[in-house]
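The sequence shown: position 297 = 308 (this note's numbering), numbered continuously.
In what follows, a single structure is set out as structure tokens and then discussed.
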Amino acid sequence: MDWEFVASTWQTASPTSRVIVTLSTLSLTALLISIIYELYFSPLSKFPGPKLCAISRIPHLIATASGHQLPWLINLHNKYGGVVRIAPDALTFTDERAWADICGASKAAKDGMAKDPRLAALVGGDLVNPDPAKPRSQQTHSIMRKAMVPALKRENVKKLEGMINGHIEEYLSALQKASERKEAVDMRDMNSFLICDLIADLFLGESLHLFTDPEFIPWVHSFDRFARGVTILAVLNRFPFLHKFLLFAVHRWGSGERDSFMAPIFARFDRRVALTSARHDMLQMVLDGDSEGTGRQGTMPLDLLREFAPFLMLGGCEAMPTVLTGFVYFVFRKTNADIRKKLLEEVRGAFSSDSDITMDRISQSQKDLPYLEACLQESIRCYSPAATGTDRVVPTSGAQIAGHFVPGNTVVMMLHQVTYSVKHNFSRASEYVPERWLPEGKGRPQDCIDDVRGSVHPFSVGPQSCFGQELSFYVLRLALCKLLYRFDIELTPESENWVEGQLTFGTRSKPPLMAYIKKASL
Numbered sequence: 012m013d014w015e016f017v018a019s020t021w022q023t024a025s026p027t028s029r030v031i032v033t034l035s036t037l038s039l040t041a042l043l044i045s046i047i048y049e050l051y052f053s054p055l056s057k058f059p060g061p062k063l064c065a066i067s068r069i070p071h072l073i074a075t076a077s078g079h080q081l082p083w084l085i086n087l088h089n090k091y092g093g094v095v096r097i098a099p100d101a102l103t104f105t106d107e108r109a110w111a112d113i114c115g116a117s118k119a120a121k122d123g124m125a126k127d128p129r130l131a132a133l134v135g136g137d138l139v140n141p142d143p144a145k146p147r148s149q150q151t152h153s154i155m156r157k158a159m160v161p162a163l164k165r166e167n168v169k170k171l172e173g174m175i176n177g178h179i180e181e182y183l184s185a186l187q188k189a190s191e192r193k194e195a196v197d198m199r200d201m202n203s204f205l206i207c208d209l210i211a212d213l214f215l216g217e218s219l220h221l222f223t224d225p226e227f228i229p230w231v232h233s234f235d236r237f238a239r240g241v242t243i244l245a246v247l248n249r250f251p252f253l254h255k256f257l258l259f260a261v262h263r264w265g266s267g268e269r270d271s272f273m274a275p276i277f278a279r280f281d282r283r284v285a286l287t288s289a290r291h292d293m294l295q296m297v298l299d300g301d302s303e304g305t306g307r308q309g310t311m312p313l314d315l316l317r318e319f320a321p322f323l324m325l326g327g328c329e330a331m332p333t334v335l336t337g338f339v340y341f342v343f344r345k346t347n348a349d350i351r352k353k354l355l356e357e358v359r360g361a362f363s364s365d366s367d368i369t370m371d372r373i374s375q376s377q378k379d380l381p382y383l384e385a386c387l388q389e390s391i392r393c394y395s396p397a398a399t400g401t402d403r404v405v406p407t408s409g410a411q412i413a414g415h416f417v418p419g420n421t422v423v424m425m426l427h428q429v430t431y432s433v434k435h436n437f438s439r440a441s442e443y444v445p446e447r448w449l450p451e452g453k454g455r456p457q458d459c460i461d462d463v464r465g466s467v468h469p470f471s472v473g474p475q476s477c478f479g480q481e482l483s484f485y486v487l488r489l490a491l492c493k494l495l496y497r498f499d500i501e502l503t504p505e506s507e508n509w510v511e512g513q514l515t516f517g518t519r520s521k522p523p524l525m526a527y528i529k530k531a532s533l
């Protein structure tokens with residue numbers, strides 16, 4: 012290089028040019044130093060993963076924003092193992108031990124590792140409570156849990172069997188009418204209508220009447236749009252300089268969308284709590300508290316319960332329909348004829364009539380209906396209701412996660428569907444194999460003996476886990492038994508590969524699942 016020429020050029024350059032060259036050189040030098048640090052000297056440099064992900068979060072954010080996060084991460088974990096570095100400050104785990112380490116209580120994090128507080132301010136605060144100074148928090152969930160868990164005990168759920176059965180019968184009646192018309196019906200919508208009507212009746216005092224009144228069908232379909240919006244917020248929120256703008260934008264321009272989504276829930280909640288006489292539903296049990304042992308009577312502040320009502324609806328109205336729809340898809344695919352035959356024989360042979368299908372009978376499903384239970388668990392594994400998960404932040408002191416020390420302030424993730432779909436957790440992970448859930452020596456395939464079944468936690472674990480799992484499983488088992496006992500289902504040709512290419516934005520973006528309904532050939 013002709014250094015004399017460089018020197019003379021520099022001397023004759025304008026001050027502006029010198030500033031630009033100096034700043035560019037410093038920026039490139041800083042970038043190079045940052046890249047070298049992240050690749051070789053960062054505390055996270057010991058963790059495997061693509062080199063591009065070690066120096067930039069862009070690949071992960073693109074995968075998330077495009078809805079392709081799940082296949083992207085499954086491929087990475089199949090290549091690199093149980094822990095993968097997916098960003099300069101982020102790790103994902105698929106090791107079953109990480110559930111307890113991330114979500115469980117510890118000395119440093121008594122409520123489990125904290126969720127991203129900036130995202131909580133956007134989603135939990137502004138989308139529900141327009142005051143950004145009052146975001147929802149782990150303490151809110153703790154208060155909710157103390158109030159909700161007693162109300163959702165088995166004996167209380169049993170008291171509501173009549174209401175639950177009434178909604179299931181309305182669902183089956185709608186399917187019967189479709190059968191009589193010999194028209195294909197959208198099982199995605201049918202399952203969503205069942206659960207949304209039920210949850211509204213249990214917690215808001217009145218059904219949405221989705222099978223007879225189309226008014227709220229667009230509201231049900233808006234769940235996917237809501238999830239996409241939250242996902243985009245989460246992606247943009249990863250850029251620190253955008254956080255304050257996002258808070259302003261959500262408050263300024265998101266209020267209309269927020270209000271239209273929340274208004275029907277708040278209106279029903281307000282009418283319900285204004286009733287002068289008690290109504291026998293789940294909300295009444297929460298309002299009354301637990302009168303059977305703990306002494307807590309109505310411990311849930313009414314304003315907080317009102318604020319949490321949309322999350323009750325979202326949680327219940329997304330998770331259970333997803334399981335039901337995934338179950339119908341996998342069991343009734345043409346390729347799973349042997350599975351379907353075995354399942355229908357078990358269910359239809361267990362009950363002498365439709366009226367025999369009660370909560371008491373299905374409460375022993377693991378013993379009396381083992382193949383139904385296996386199909387339910389495998390449907391959850393293959394099509395998890397909580398497909399992704401929430402980012403957590405390691406306490407500043409650092410923590411042991413799945414045998415690895417992870418430094419403080421690292422973002423860590425345990426994504427349900429990724430964990431359930433990797434080859435080091437399950438043999439034939441991409442196949443639907445209900446037998447893997449049968450007891451060893453009672454039909455479990457030899458190649459599935461070492462499956463890590465303990466990695467499947469659809470309701471999460473720890474202090475922030477879902478408190479509605481007992482209610483969910485009762486409803487799922489009751490609805491499935493009645494559906495399988497009463498009807499045969501045939502998927503339309505276009506629905507045979509329904510899961511292929513589905514996008515995920517926090518929740519699954521589910522297309523219609525079209526099927527023909529026929530009266531069971533008992």
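Even glycine gets a Cβ: it sits at the ideal position worked out from N, Cα and C.
Here the structure is a predicted model, which means the values were calculated and not measured.
Backbone CA spacing between residue i and residue j [nearest angstrom]
i: L325; j: K345; result: 32 Å
i: K255; j: A245; result: 13 Å
i: L487; j: E501; result: 20 Å
i: V510; j: T242; result: 20 Å
i: M273; j: K170; result: 29 Å
i: I113; j: D402; result: 10 Å
i: P146; j: Q187; result: For P146, the predicted model reports a pLDDT of 41, less than 50, meaning its position is unreliable; a value from the coordinates is still stated below. If I take the Cα positions, the gap works out to 46 Å.
i: I391; j: K157; result: 27 Å
i: I528; j: E191; result: 9 Å
i: C328; j: P59; result: 38 Å
i: H437; j: T36; result: Here residue 437 turns out to be Phe, not His, going by the sequence shown. F437 and T36: Cα-Cα distance of roughly 50 Å.
i: A531; j: R359; result: 9 Å
i: D281; j: I179; result: 26 Å
i: A195; j: L491; result: 19 Å
i: L87; j: D224; result: 46 Å
i: L294; j: I175; result: 14 Å
i: G414; j: N89; result: 19 Å
Selection from the options that minimises the alpha carbon distance to residue i
i: V94; options: R519, D499 and V429; result: V429
i: A397; options: V472, P381 and K62; result: V472
i: K164; options: E505, G78, K521 and Q480; result: Q480
i: I276; options: P251, V231, A195 and D235; result: V231
i: L43; options: S117, S67, V30 and G115; result: S67
i: I46; options: A289, F338, V30 and L63; result: L63
i: F498; options: T518, L482 and A526; result: A526
i: M296; options: N167, R372 and Y51; result: N167
i: G465; options: E172, L247, W110 and T407; result: W110
Contact under 9 Å by Cβ, residue i with residue j
i: L55; j: D100; result: yes
i: M425; j: T103; result: yes
i: S395; j: P312; result: no
i: Y182; j: M159; result: no
i: F222; j: D212; result: no
i: Y485; j: D365; result: no
i: R239; j: L72; result: no
i: V463; j: H435; result: yes
i: A385; j: R447; result: yes
i: E357; j: L323; result: no
i: V284; j: R317; result: yes
i: I412; j: R96; result: no
i: Q475; j: G123; result: yes
Residue burial classification, residue i (beta-carbon count within 10 angstroms, cutoff 16)
i: V134; result: In this predicted model, V134 has a pLDDT of only 49, less than 50, meaning its place in the structure is not dependable enough to derive any value.
i: N420; result: exposed
i: Y534; result: Residue numbering for the chain in the displayed model covers 12 to 533; residue 534 lies beyond these limits and cannot be assessed.
i: V405; result: buried
i: K378; result: exposed
i: S203; result: buried
i: K521; result: buried
i: D292; result: buried
i: I373; result: buried
- Task: Mind listing, in chain order, the continuous alpha helix (DSSP H) runs of no fewer than 4 residues lying wholly within the region 405–472?
- Result: 427–432
Query - Runs of beta strand (DSSP E) lying entirely within the region 497–528, each at least 3 residues, in chain order - result: 498–502
Exercise for the section: Counting only runs of 4+ residues fully inside the region 167–210, write out the alpha helix (DSSP H) ranges in chain order. Expected result: 172–192
Worksheet item: What are the start and end residues of each continuous alpha helix (DSSP H) run of 4 or more residues lying completely inside the region 272–302, in chain order?
Response: 293–299
- Inside the region 337–382 only - beta strand (DSSP E) runs reaching at least 3 residues: none
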